[in-house]
Each structure stands twice: as C-alpha cells, then as structure tokens.
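Student: Residue numbers (my numbering): 24 to 120.
Ideal Cβ positions, reconstructed from N, Cα and C, are used throughout, including at glycine.
Structure provided below as structure tokens; questions to follow.
Here it is as structure tokens:
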C-alpha cells in the first residue's frame, strides 16, 4: 500500500500557504501534508495549521535544505513528495508522479 507524505518547506508564505494546502487536500492522495516552517516572521505556521497541515517549526531560518531534511525525517509515508509552498507548482501534477 502506498502512503504519500507531501512536504512543503516554507518561509514567510502567508500569502500562498492556505491555497496550496487546500489544493493538495482536494486531490485526496496525501496521507499527510507537512509544512516545515523555516523561521517565518509572518503567520505562515498558523495558516498552514488552519488549512489542515501538520506544522513543524524551526526556531530560526536554517535554509531550504534543512527544511527538506526535517520534512524527510518526520514524514511517515513510504512516498515523499516535496513541493514549494508558494504555489508555483500545480498540485495537480502530483498525480503524474
């Protein structure tokens, strides 16, 4: 059985995070959506949680690479998909993987 974890590294993505998480949820393919909040100074974390994502926060910005590593460590799925949180990639493309 395939369990899919979608990891979204994010820093100050309050303007896009809700839309991105909700678009992923609508696909009904993710067993978990994890937002790695990389030291955001806006309300990215709160908005991601309200949209239904699990949020792991770095206390300060460690960089995108560290956020990806954190996501890989906490993801429970046997398939992990990494996406930018800013909405530049269409979540519909996940189905093509």
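#1: Tell me, please, which residues DSSP counts as bridged to residue 81.
#2: Please check if any C-beta of chain C sits within less than 8 Å of the C-beta of residue 31.
#3: Quick check on DSSP: helix, strand or coil for residue 50?
#4: In the structure shown, what three-state DSSP assignment does residue 72 receive?
#5: By Cβ distance, which residues of its chain are closer than 7 Å to residue 32, with the 5 residues on each side in sequence left out?
#6: Exposed or buried, which one is residue 106 when buried takes at least 16 other CB atoms within 10 Å?
Tutor: Reading off the structure:
#1: 61
#2: In the structure shown, chain C does not exist; there is a single protein chain.
#3: helix
#4: helix
#5: 59, 61, 87, 90, 91, 94, 108
#6: buried
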